Every structure is written in structure tokens, then in C-alpha cells.
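Here is the structure we will look at.
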Amino acid sequence: MQSQTLRHRIYLFILVAPAFVVLFGVVIYPFFYNIVLSLSNMNLRHIRDWRIIGFGQYIKVFTEPSQPDFYVVFLKTVIWTVVNLFFHVVLGVFLALVLNQKEIRGKAIFRAILVLPWAVPQLIVALTWRGMFNYEYGSINLMLTQWFNIPGVQWLRHPLEAFIAVIITNVWLGFPFMMVIALGALQSIPHDLYEASDIDGASWYHKLRHITLPLIRPVMVPAITLGTIWTFNNLNIVWLVSNAGEPSDQTHLLVSFVYKAAFNFYRYGYGAALSMVIFFILLVFSLTFMRKSKATQNVYS
Amino acid sequence: MNARTALRIAVAFLSVTLAVVAVTTLDSCGTGRDHRVRLTIWHQDRIDIRVILQRQLDRFMQLHPEVRVEQLFKETEELRSGFIIAALAGQGPEIVYGPADQVGPFEIMKIILPLEEVFPKDWLAQFDPRGLTWYKGHLYQVADKLGNHLTLVYNKKLVPVPPRTDEELIRIGKTLTADLNGDGKTDRYGLTWNYTEPFFFIPFMTGFGGWIMDDAGNPTLNSRGTVDGLKFIKRLRDEEKIIPNEADYNVADILFKDGNAGMIVNGDWSWAGYQKAGLDIGVAPLPLITSTGLWCAPMVSPKGFSLNANISEEKKAWALELIRFLMSAENQMESARELYTMPTHMQVQQSDFVQQNDILRNSRIQIDRGRSLPVVPELRAIWDAMRPSYQAVLAGTMTPERAAEEMQLLALRRIKEMNE
């Protein structure tokens with residue numbers, strides 16, 4: 041009996057081992073190495089003779105005067121994440137509900153068109169939108185002036201407008217993911233539930249509130265959590281649309297701060313500490329969100 | 007499926023995984039089926055240069071069948087950070103190619119080799135001294151191209167004779183700037199360039215007597231030259247109205263290609279592309295600022311080869327042979343003819359083609375008037391410090407005087423952070 045248990049354990053170990061080796065190489069080792077770096081003075085001048093200096097880099101993250109200010113960037117990152125996620129989820133679920141209607145013909149075509157923003161490479165999307173936001177030649181201002189008689193907006197020259205511009209770009213890019221996830225969840229809801237509620241005389245709103253939304257929740261909560269992490273850490277769109285923080289370094293997110301510190305100024309210790317701060321912010325958010333939204337609870341119980 | 011079968015499947019899966027890892031590792035060590043010596047060059051050159059480079063590498067491999075050379079394109083920042091990471095880990099390409107400003111950080115990190123001992127003095131003497139990048143008493147880069155510099159590019163259909171001074175520039179610019187369809191909006195501008203990058207501001211700064219740092223590497227951004235250079239650009243846009251309201255590299259490039267701008271301030275990398283786009287272009291040196299009597303001087307940088315500090319002795323011999331081949335007069339002439347790049351080989355510089363070609367002749371004048379790109383790592387801090395204030399001036403949210411002070415303060419802070 042004991043040898044059978046041992047054999048079973050070896051069998052399990054062999055099954056898990058390849059995945060563990062890969063995970064160790066690409067996640068566990070870099071993660072702990074990053075922690076070590078965050079406690080070190082590694083930079084351009086101490087790249088080979090770096091040493092552990094304690095929590096000095098963390099103190100610098102929170103106290104060192106920076107341009108723009110760390111707390112301002114943090115606030116902008118939170119606003120960026122919340123606004124983006126709001127529109128991603130609302131637009132995504134709305135379009136999924138529309139596409140899920142029996143009456144709609146040519147669903148596959150609409151679905152393909154709506155998924156297009158997701159399929160185009162981010163670099164192309166970002167540079168195209170950047171061109172569209174040009175003051176004199178961009179299509180956004182041409183539409184505003186010619187169709188709506190509204191004066192053109194200097195999208196990329198002023199901080200607020202530039203921030204709105206990058207949010208618009210990312211909303212356009214991000215809603216298809218939520219739409220596809222929500223559509224999958226909607227299609228898995230048993231139709232009997234809607235038929236039963238029809239017999240009970242439930243309105244469209246009641247069916248949405250008491251059947252649809254609770255039953256898509258187990259799928260949407262992990263998607264929103266993932267979406268939050270991706271959006272919080274989205275370097276590409278902000279970096280490319282705003283051309284690395286234009287105007288005047290006013291469109292940075294925390295992650296572009298890390299990029300600049302580590303790869304422009306060779307401040308590896310500081311960059312590692314900043315990335316650990318981002319990690320803990322996202323860890324706390326994810327755990328809280330999953331617990332509060334009862335994501336792991338069985339909806340059919 | 008019983009436990010024994012499952013165990014067999016698991017063992018088979020593990021064996022396959024280990025075999026894939028082993029084959030990949032062996033291949034990367036160069037002990038796969040191909041027994042040739044393998045060399046890799048990382049560079050950040052655009053597609054037309056890559057085509058010529060590949061042609062030259064093919065010729066080298068025909069001459070030396072025992073060597074296999076691969077070129078790998080990486081975007082500028084990716085090349086720099088990727089090479090640092092790879093070289094610090096004892097890996098990376100044998101040869102890294104790029105502008106001279108990467109020499110500073112690479113030297114401090116000890117990831118490139120000094121070259122003054124490995125190349126004979128008489129061989130080095132064949133090249134323009136500006137193509138040999140020395141840093142802290144050692145030669146770290148040998149360049150086959152000189153320049154990477156800005157000039158005034160003009161559309162000959164719109165500008166028959168290029169301006170020589172700032173006053174002529176404004177006069178011609180005003181003639182060209184026009185609302186062609188009468189809708190109240192300007193359709194064609196006299197001049198354009200990329201306003202977002204401070205690299206394009208340097209000629210205006212130098213034209214008014216400014217420069218970015220002193221000989222000791224300390225920033226000198228809070229100068230009269232910076233202030234007057236910024237005021238001049240604002241004047242071109244807001245008073246003379248000969249440049250567009252807003253332009254990044256792509257917008258400026260498209261305006262010029264479409265004939266909606268008569269002149270553009272752009273680098274040697276752009277000329278061949280404009281000709282391929284069907285434009286009849288001329289290249290002229292940037293104008294003289296009459297109030298100072300100084301020429302607008304762009305930054306000039308060689309682009310060349312450095313050796314990875316981790317290179318093995320066997321590969322080093324072949325890498326040096328390859329560099330000598332790529333630096334040869336024939337190969338430099340090939341690039342000069344097709345791309346209008348300024349060669350570093352003196353014999354090619356003195357050839358009839360380089361001396362008589364209109365574009366290369368003016369390019370040479372511009373190079374001679376230009377200022378060398380500093381190779382110190384602090385240059386990074388200077389660019390980063392200039393960018394926000396420069397953009398703020400163009401956005402109308404900061405005065406040129408305050409911008410110059412802010413640039414200086416930020417540069418000092420950034421340099422302190424980098425060197426702490």
C-alpha cells in the first residue's frame with residue numbers, strides 16, 4: 041500500500057516537473073532576483089560591483105523628488121485603469137448582449153468586425169491613433185470641425201487632452217476582449233432559466249439583473265482582474281500614442297516610470313524597487329477584488 | 007488508462023522536453039549540424055541598409071566558407087538594453103553596430119573591447135579620425151559611416167535655390183506657405199521638422215551660440231543660445247507662420263513627401279527614401295543665423311562596429327576580419343552610391359563620386375560645420391531633461407527663459423541620479 045502511494049507521488053512529481061522547471065526559469069527565479077535587485081544599488085556605475093543596501097531604493101521611490109511626481113503618476117495610473125476598465129466592461133457586455141440576441145442576423149460578421157481592434161497589432165493601432173489626433177491633419181479634428189462645427193482640439197499638446205487621447209485609444213483597443221469573454225459566458229447560460237422567468241412574467245430588466253449578470257459574474261470577475269493588471273501595466277499604448285510621455289512627461293504611468301528608470305537611466309535597483317511596488321499594489325487589489333466580488337463562489341448553489 | 011500507462015506517457019513527455027532543451031542548448035553553442043564559425047552582428051539600421059549589408063555579408067561568406075555571419079536588426083533602445091543584458095550575462099552578439107553614443111555606457115559596464123591593439127595603426131590611418139571613437143584613452147568603435155546628421159532637405163520643384171541664411175529661409179518660407187484651396191487653412195508650409203525631439207532643436211541652439219555640455223560633461227543648457235534658439239522656433243511658428251502648428255517625425259515626413267512642405271530639416275537617413283518616393287530633392291547645409299554670424303550646427307556621429315567583451319579568441323580573429331572587410335573602400339563606396347552615406351575611408355571620401363555628387367558634397371559641408379555627438383552616458387540625462395521643457399515652450403505653457411533653467415536643473419538631477 042505504502043509503495044503504491046510512493047509510486048503515485050513519483051508519478052505526480054514527474055507530471056508536474058516539466059511545468060515547474062519552466063515556471064521556475066521564467067517566473068520564480070526572475071521574481072526573486074528582482075526582489076534582490078530592489079534591495080541593491082545596481083546602476084550604471086555599480087553594474088558589476090553591486091551590493092545589497094537594504095530598503096534605500098524603496099525609500100527613494102516614495103520620497104525622492106521626481107519629475108513628474110511619483111504620487112501624481114500613481115493617481116493618473118489609477119484613473120487610467122478605472123476609466124479604461126469601466127468602458128471596456130460596459131461596452132463589452134453591452135455589445136455581447138446585443139450580439140447574443142436571437143433576432144440579429146449576420147452575427148458572425150458583426151462579431152468579426154467588433155473583434156478587429158483586438159486583432160490589429162498594438163503598435164499599428166497606437167501610431168494610427170497618434171496620427172488621427174494630429175491638430176491640423178488628424179481625422180478626429182477634421183470630423184469635429186467639418187461635421188459638428190466644433191473647433192479642433194490640440195490633443196497632443198496639452199496634458200489633459202493628451203491623457204484623454206490615450207484613454208480613447210485604449211478603450212477602442214480593449215473592449216473586444218471583454219465582449220468576447222462576456223459573449224462566451226452569455227452563451228453558456230441555460231435557456232430554460234429565461235423560459236421559466238418568461239412564464240413568471242419577468243421583465244427584460246429583471247432577467248438581466250437576476251439571471252444574466254449573476255451567471256456571467258464567475259467569468260467576468262477573473263477577466264476584469266486580468267484586465268486591471270494588463271491596463272495598469274500597459275506600456276505600449278501610452279508610450280506610443282503620447283510619444284514617450286508627451287507633452288512634457290505628463291502622460292506617464294507607473295510602468296513607463298520603471299521603463300525610463302531601468303532602460304534610459306540604467307537605475308536597475310530603483311527600477312526593480314518601483315516594479316515591486318507596482319506588484320504589491322496589484323496583488324492587494326486582486327485579492328481584495330476577488331474576495332469582495334465572491335468570484336470563487338458557485339453561482340448555482 | 008492505468009497508472010503504468012500514465013507513468014510511461016509522463017516519462018515520454020519529460021524526455022521530449024529535455025531533448026528539446028538539449029538540442030536548443032547545443033545549437034546555441036554552435037555545436038549543431040553546421041560546423042562553420044558563427045558570427046552575429048546586432049544593428050539598428052533601416053531596411054535599405056540591411057539589404058546592402060546582407061549583400062556584403064554574402065560576399066564575405068563566399069570568400070570564407072568556414073564562417074557564417076548573421077545580421078540581426080533591433081530597434082535602437084532594444085539594441086542597447088538587449089546588448090547590455092546579454093553581454094553582462096556573458097552572451098550576446100560578437101559585433102555590435104550603432105551610433106557612437108552607445109560607447110560611453112558600454113565602456114563603463116566593460117562589455118566592449120578596446121580596439122587600438124587589435125587593428126594595425128597603418129590600417130586605422132586609412133580612415134577619417136572622426137570615424138574612430140576614442141573614450142578614456144581607448145579606441146572602442148571603428149565606423150564605416152560618418153554623419154547621422156541633420157541638413158536642410160528641399161523639394162527642387164518648390165525651392166529652386168535653397169536659403170543660405172535665416173532671413174532667406176523666412177523669406178522663401180513665406181512665399182511657399184499658402185492656402186491653396188481657399189478654405190482659410192494653410193495647405194502648404196515653407197518648412198517642417200520633428201518638433202517633439204530635442205535632437206532636432208540642436209542646430210537652432212548652436213546657431214545662437216549654445217551647446218549641451220562643457221568639456222567636463224557638465225550640462226550647459228541654461229544659456230543664451232538655448233533661450234534664443236527656442237525663441238527663433240516660436241517666431242517661425244507663431245509670427246512668421248512658415249512651419250506647421252504641430253509636427254512629429256511622421257507628420258513632417260508625410261508633409262514633405264506629399265509636397266505640402268517645401269523644406270524639411272531631416273537627417274542623412276532620409277534622403278534615399280525621398281528619392282525613392284519620386285521627389286526631386288536637394289540637400290543644403292542648415293542656414294547661417296545672421297544675428298550671431300554662426301551656422302546652425304547639427305550633431306554629427308559616426309556609426310560603427312564594436313566588439314563584445316565576451317568574444318572567444320577564435321571568433322575574435324574572424325570578427326576582426328569581417329570588420330576589416332565591411333570597412334573596405336569597395337564596401338563603403340557601395341553604401342555611398344546607393345544611400346548617400348558619408349564614408350569614413352579617406353580614399354572613398356576623395357573619390358570623384360563623393361567629391362562631385364551634389365548631395366554628398368553638401369553633406370560633407372554640413373558634417374564639417376557640425377558638432378560631435380558626445381559619447382558620455384550623461385547625454386541620456388541631457389536629452390531627457392531637454393524634452394519636457396522644449397515641448398512646453400512649443401505648447402505655449404513655458405517661456406524660453408524658464409525652459410532653459412528647467413532643462414539645466416533637471417539635467418543636473420538626472421545626472422546625479424545616474425551616477426549615485
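Sequences listed follow chains A and B, in order. Everything in the first sequence is counted per our numbering, starting at 41 for the first residue and increasing by one. Everything in the second sequence is counted per our numbering, starting at 7 for the first residue and increasing by one. Built from N, CA and C at the ideal position, the CB exists for glycine as well. The model shown is predicted, which means the values in this text are computed figures rather than measured ones.
Buried versus exposed call for residue i [16 or more other C-beta atoms within 10 Å across all chains shown]
i	result
residue 19/A	Residue 19/A lies beyond the residue range present for chain A, which begins at 41 and ends at 341; the question has no answer from this structure.
residue 53/B	exposed
residue 151/B	buried
residue 241/A	exposed
residue 53/A	exposed
residue 253/A	exposed
residue 424/B	buried
residue 71/A	exposed
residue 183/A	exposed
residue 313/B	buried
residue 188/A	exposed
residue 159/A	exposed
residue 108/B	buried
residue 378/B	exposed
residue 412/B	buried
Min CB distance residue i to chain B below 7 Å
i	result
residue 201/A	no
residue 299/A	no
residue 254/A	no
residue 43/A	no
residue 289/A	yes
residue 175/A	yes
residue 305/A	yes
residue 84/A	yes
residue 189/A	no
residue 283/A	yes
residue 180/A	no
residue 99/A	no
C-beta neighbour in chain A for residue i, strict 7 Å
i	result
residue 36/B	With a pLDDT of 49 at residue 36/B, under the threshold of 50, the modelled position of this residue cannot be trusted; read the value that follows with caution. Taking Cβ atoms only, chain A never reaches closer than 7 Å to residue 36/B, which makes this a no.
residue 250/B	yes
residue 413/B	no
residue 50/B	no
residue 225/B	no
residue 386/B	yes
residue 219/B	no
residue 109/B	no
residue 87/B	yes
residue 339/B	no
Beta carbon of residue i nearer than 7 Å to that of residue j
i	j	result
residue 138/A	residue 213/A	no
residue 169/A	residue 281/A	yes
residue 293/B	residue 171/B	yes
residue 284/A	residue 78/A	no
residue 117/B	residue 149/B	no
residue 289/A	residue 394/B	yes
residue 6/B	residue 231/B	No answer is possible for residue 6/B: the residues shown for chain B start at 7 and end at 426.
residue 169/B	residue 144/B	no
residue 96/B	residue 274/B	no
residue 258/B	residue 187/B	no
residue 276/B	residue 58/B	no
residue 383/B	residue 110/B	yes
residue 324/B	residue 124/B	no
residue 290/B	residue 158/B	yes
residue 235/B	residue 182/B	no
residue 204/B	residue 348/B	no
residue 66/B	residue 331/B	yes
residue 420/B	residue 387/B	yes
beta-carbon residue i near the ligand FAD non-hydrogen atom, thresh 6 Å
i	result
residue 131/B	Summarising the ligand content, the structure contains no ligands, and the ligand FAD is consequently not present.
ask   = What runs of the alpha helix (DSSP H), each 4 residues or longer, lie entirely inside the segment 153 to 201 of chain B?
value = 172 to 182
message = Just to confirm the assignment: which complete alpha helix (DSSP H) runs, minimum length 4, are found wholly within the segment 104 to 149 of chain A?
response = 110 to 139
inquiry  = Along the segment 233 to 263 of chain A, where does the CB come closer than 7 Å to a CB of chain B? Name the residues.
reply    = none
request  = Determine which residues of the segment 142 to 172 of chain A have a Cβ less than 8 Å from any Cβ of chain B, and write them out in chain order.
outcome  = 167, 170, 171
key: Residues from the segment 191 to 215 of chain A in contact with chain B, defined by Cβ distance under 8 Å   = 194, 196, 197, 198
request  = Tell me the start and end of each unbroken alpha helix (DSSP H) in the segment 390 to 420 of chain B that is at least 4 residues and wholly inside, in chain order.
outcome  = none
task = Identify each residue in the segment 394 to 408 of chain B for which the Cβ-Cβ distance to at least one residue of chain A is less than 9 Å, and report them in chain order.
result = 394, 395, 396, 397, 398, 400, 401, 402, 403, 404
ask   = Where in the segment 314 to 375 of chain B do unbroken runs of the alpha helix (DSSP H), each at least 4 residues long, occur, reported from the N-terminal end onward?
value = 319 to 332, 335 to 345, 352 to 355, 358 to 362, 364 to 375
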